[in-house]
Amino acid sequence: PQPIFRADYKPPAYLIDTVHLTFSLNEDVTHVTSRLALKPNYAENGAAPPLLLNGRDDVKLVGLKVAGQAVPESGYEVTPKSLTLLSPPAGPFELEVVTAIKPQDNSLLEGLYKSGGNYCTQCEAEGFRGITYFLDRPDVMARYTTRIEADAGKYPVLLSNGNLKEEGQLEGSRHYAVWEDPFPKPCYLFALVAGALVKKEDTYTTGSGKTVTLRIYTQPANISQVDFAMVSLKKSMKWDEDVYGLEYDLDLFNIVAVDDFNMGAMENKSLNIFNSRLVLADPDSSTDGDYARIEGVVGHEYFHNWTGNRVTCRDWFQLTLKEGLTVFRDQGFSADMNSAPVKRIEDVALLRASQFSEDAGPMAHPIRPDSYIKMDNFYTVTVYEKGSEIIRLYHTLLGPQGFRKGMDLYFQRHDGQAVTCDDFLAAMADANGEDLSGVGRWYSQAGTPTLTVSTAYDAAKKSFTISTHQVTPPTNGQPDKLPVLIPLKVGLLGPDGQDLPLHLEGKGDLGASTVLRCDAEHNSFTFTDVAVEPVPSLLRGFSAPVKLVVQGQTDDHLRLMFAHDSDPFNRWEAGQRLYMKLLLQLYGAAAGAASSVPLADCCAAAGGVPGELVAAFRAVLEDGKLDGSFKAMAMRLPSMAEIVDRIDEADPVLVWQVRHYVYQQLAQQLRPQLEAAIKANDVPPGTPYEFNAQQCARRVLRNMSESILGSLESPEIQEQLLRRFREATNMTDRMAALTVLCDTDTPGREQALQEFYAANKDKPLVLLKWLAVQASCALPGNIAKVRALMGHPAFTITTPNCCYSLFLGFARSVNFHAADGSGYEFIGDSVIKMDKINHQVASRIAGAFTTFKQYDKERQAMMVAQLRRIAAVEGLSENVFEIVTKSLQ
Ligand code: HT7
Ligand code: ZN
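The working numbering applies: residue 49 is where the sequence shown begins, and numbers increase by one.
Here you go:
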């Protein structure tokens with residue numbers, strides 16, 4: 049397979065005005081007739097170049113006509129991936145292509161396929177070519193009319209994009225529907241659904257008074273579970289009007305839930321298709337986390353209507369143009385609907401746990417990649433989450449109003465176009481009269497910059513100087529890096545932890561926080577009128593996606609911030625830094641000791657968990673003014689991934705043990721306080737479950753306390769957990785107890801798992817949790833149980849959700865790193881097996897090996913051996929090929 053390069057972009061030689069599609073859906077062969085109104089886009093006086101349409105090897109060409117005349121065999125060429133019309137007529141012309149496809153055999157879940165007996169499509173990134181030969185690229189935007197014909201009994205609901213124009217009966221038991229989408233769109237936004245679905249309907253009236261019909265479709269058994277998604281949709285529509293002045297632009301908005309889906313959801317114009325786990329919710333099946341995700345993803349897909357659909361990407365290298373921006377928008381929406389500080393903390397924790405390691409590994413790429421073999425591999429945390437952080441930079445630099453001005457200009461200039469990240473930057477810069485070229489480098493450089501800060505207080509001059517030094521490490525293919533623009537949001541704390549007023553030379557009074565622009569390798573900023581030596585609170589709100597090193601930062605500074613910083617993110621961050629220091633110190637001690645010395649003894653000899661840290665932890669737990677969700681986040685130790693990221697060639701099992709040891713110590717020393725927190729946050733019996741900030745805060749704090757106590761492995765606590773599991777009145781509490789129980793080797797574990805299965809065996813979405821909790825269990829030797837689960841009726845290998853629960857759940861567990869290599873072998877086997885079924889799922893599982901350089905030499909060798917074994921498989925998909933070959937480079 050050959051890579052495609054961003055630098056090779058060329059506009060298409062032909063454009064398409066209109067597309068008329070007719071789908072004749074049949075159980076054996078489905079026929080697709082596509083009539084395209086093509087027009088030249090090549091140089092005006094030039095000869096008509098051949099027209100190359102993309103295709104796929106499972107698409108069969110049945111007919112080809114130009115201007116109503118069949119094209120002779122000598123007039124075209126077909127390869128497994130394309131159809132070329134050798135001598136197209138000069139000027140505009142009509143092309144008719146008829147293809148035969150078999151959606152029922154399509155286990156890739158790209159193009160048209162069947163899920164749960166119903167037809168649905170997934171065309172992003174390049175799935176449309178699996179339906180018909182086409183100019184499958186986002187800069188070809190056309191108006192679509194879609195006619196669907198199918199058996200009326202089996203497929204009573206026929207949907208596509210836009211407005212329903214016509215429907216009726218056909219001969220025999222068949223019927224048809226015709227849909228017309230007035231907005232030009234790229235083919236990746238095309239969608240079709242046909243099936244025995246039922247709907248829930250509602251309406252939303254826009255700010256300008258237009259009534260929009262909203263419909264959510266599911267299989268009949270699930271329709272009672274869509275109310276929350278409907279409310280989330282209406283909230284999203286209102287929020288986009290309030291914050292960005294953006295109204296919905298059609299009279300109908302449909303969401304369809306399907307069980308077999310490679311990703312979370314898809315923003316097809318007016319016909320969003322969702323993985324059912326991101327639509328369906330009820331308290332007995334869904335956790336608070338599920339509710340939050342549903343709200344966020346419903347918002348995300350809805351927001352794409354403007355950022356992605358009305359203004360789309362010129363080419364797939366620009367993916368972050370729509371994804372980074374839309375993630376930024378959905379993060380803002382969730383922050384406004386719930387707790388903004390906690391949302392920010394969660395987003396940063398995710399970024400640091402998964403994106404930082406991607407940026408440090410063999411698949412590191414800029415948010416706007418320079419090349420790819422298979423675009424599907426670039427729907428990454430870098431393009432999405434780091435991309436959102438880069439959008440946040442504009443927001444931090446320009447302020448909310450400046451950012452809005454930039455967005456308004458972006459839509460004014462580019463509505464209806466396929467554009468680039470440079471166009472977005474230009475709109476932001478021009479709307480505000482600012483030079484934002486320093487932000488531009490973030491689009492082209494991979495790797496996470498390290499920003500080192502040193503400070504100096506001059507007591508005589510009452511001045512405080514902050515000096516910064518930035519370095520971006522080399523990454524694959526990018527040995528040398530240039531400085532980027534880092535907005536550093538800072539405050540200065542006095543000895544009582546309160547904010548000092550800020551005065552910057554030549555800038556006057558700045559309030560409690562200000563943004564410093566670090567745009568060179570070295571920068572320096574001097575604050576004046578600083579009465580006492582302050583403690584700097586740096587990178588407030590995580591104002592840039594960097595690793596911050598603060599020279600001279602002491603534990604006293606961190607404890608002061610943990611107790612008082614007015615910036616909630618930095619308050620949390622101070623706790624994380626204290627925990628991280630301790631974890632690294634204990635890890636160092638344990639790694640340096642003889643293997644015969646018990647871990648607890650090594651840690652105790654290194655000082656254990658110091659009293660000051662326990663006291664700081666306790667102060668947070670008992671702080672009457674703090675929100676429960678914030679407390680729970682502040683009680684959470686850095687994740688395995690974050691700790692591993694700080695250690696050269698880490699032993700992941702030892703990291704896990706040290707982290708567990710610290711939790712055990714906190715549990716031992718603060719047992720009464722944790723038990724009190726559990727008691728105080730019990731939701732009073734009889735209170736109906738609601739997903740609201742207050743109830744979620746109580747549940748998360750209670751369950752976090754329960755989980756910390758669970759590390760003690762005392763029979764009394766295990767019994768209590770089993771009781772809580774059984775008495776839980778909602779899935780959040782039930783799963784919380786089950787997760788802790790599942791990591792204990794007690795009879796209660798098996799009992800709880802069996803009871804959970806018996807109660808939920810007819811609920812596939814709930815069984816995903818059951819699979820995942822067992823897959824990620826930390827008990828030694830768990831691999832045998834996970835292998836056995838592949839044969840369990842709850843597991844279906846062709847359903848991506850099942851694979852993600854089982855294989856990715858396992859790959860995130862400590863057992864993946866078992867010293868005998870059995871975990872690596874299992875995931876290697878799974879990649880090879882899955883690649884025969886679904887390339888996208890297989891390559892996501894293969895991604896588990898890409899971090900191998902972070903681990904010790906023995907584990908590196910075993911992971912590399914699996915990568916080599918996969919690479920040697922004949923007929924490997926391009927998706928997996930790209931991941932394994934780049935990892936082995
Ligand atoms: N824009 C959507 C991307 C997507 C996708 C990409 C590749 C393969 C399958 C897929 N399903 C959905 C999702 C989103 O970001 O909104
Ligand atoms: Zn998206």
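Glycine included, C-beta positions come from ideal geometry on N, C-alpha and C.
None of the values given here were measured: they were computed from a predicted structure.
query                                                                                                                 : result
Coarse secondary structure for R565, derived from DSSP in three states                                                : strand
Same chain, Cβ closer than 7 Å to L440, neighbours up to 5 away in sequence not counted                               : The sequence shown places Arg at residue 440, rather than the Leu named in the question. F376.
For review: beta carbons within less than 6 Å of any heavy atom in ligand 2                                           : H348, H352, E371, T374
Contact test: E172 Cβ vs ligand 1 heavy atom, cutoff 6 Å                                                              : yes
From N316, H413, V241, residue whose alpha carbon lies closest to that of W490                                        : H413
Sufficient close CB pairs (3 or more, under 8 Å) joining the region 707-721 to the region 757-774                     : yes
Cβ-heavy atom distance, Y420 to ligand 1, below 6 Å                                                                   : no
Those residues which DSSP pairs with V598 across a bridge                                                             : V501
Contact under 7 Å by Cβ, L536 with L564                                                                               : yes
Buried versus exposed call for H979 [16 or more other C-beta atoms within 10 Å across all chains shown]               : In the structure as shown, the chain begins at 49 and stops at 937. Residue 979 is therefore absent and cannot be evaluated.
Inter-residue Cα distance where the pair is K196 and S82                                                              : The sequence shown places Ile at residue 196, not Lys. Cα-Cα distance, rounded: 12 Å.
Rounded C-alpha distance that separates E922 from M311                                                                : 26 Å
M314 beta carbon near ligand 1 (any heavy atom closer than 6 Å)                                                       : yes
Identity of the residues DSSP links to C168 by a beta bridge                                                          : Y161, V241
Short CB-CB distance (under 7 Å) between A329 and chain B                                                             : Among the chains of the structure shown, chain B does not appear; only one protein chain is present.
Heavy atom of ligand 1 within 6 Å of M882 beta-carbon                                                                 : no
Pairwise C-alpha distance: P186 and W364                                                                              : 7 Å
Limits of the beta strand (DSSP E) - the one that K202 falls within                                                   : Neither: K202 is in no beta strand (DSSP E) and is coded neither H nor E.
Among T193, L156, K162, the one whose alpha carbon lies nearest that of G175                                          : L156
Closest residue to R694 among G636, M683, C650 (Cα-Cα distance)                                                       : G636
Contact belief for T355 with T374 at Cβ below 8 Å, rounded distance in angstroms                                      : 5 Å
8 Å contact criterion, which V594 and L499 should meet: CB distance rounded                                           : 5 Å
Near ligand 1: M411 beta-carbon under 6 Å from a heavy atom                                                           : no
Backbone secondary structure at T516 - three-state DSSP                                                               : strand
Residues of its chain near I831, where Cβ-Cβ distance is below 8 Å and the 5 sequence neighbours each way are ignored : F858, N863, A866, S870, G871, F874
Helix, strand or coil at M939 according to DSSP, with G and I counted as helix                                        : With the chain covering 49 to 937 only, the question about residue 939 has no answer from this structure.
Alpha-carbon spacing of N102 relative to K129, whole angstroms                                                        : 6 Å
Complete runs of the beta strand (DSSP E) confined to the region 620-645 [at least 3 residues]                        : none
Endpoints, the alpha helix (DSSP H) within which G488 is located                                                      : 485-492
Of the listed residues T468, A689, D671, P549, nearest to R54 (C-alpha basis)                                         : T468
Stretch-stretch touch, CB-based, cutoff 8 Å, three pairs: the region 821-837 with the region 790-803                  : yes
Reduced DSSP secondary structure (H/G/I, E/B, other) of R907                                                          : helix
Boundaries (first-last residue) of the beta strand (DSSP E) holding R263                                              : 259-266
Any non-hydrogen atom of ligand 1 within 6 Å of M752 CB                                                               : no
N154: CB within 6 Å of a non-hydrogen atom of ligand 1                                                                : no
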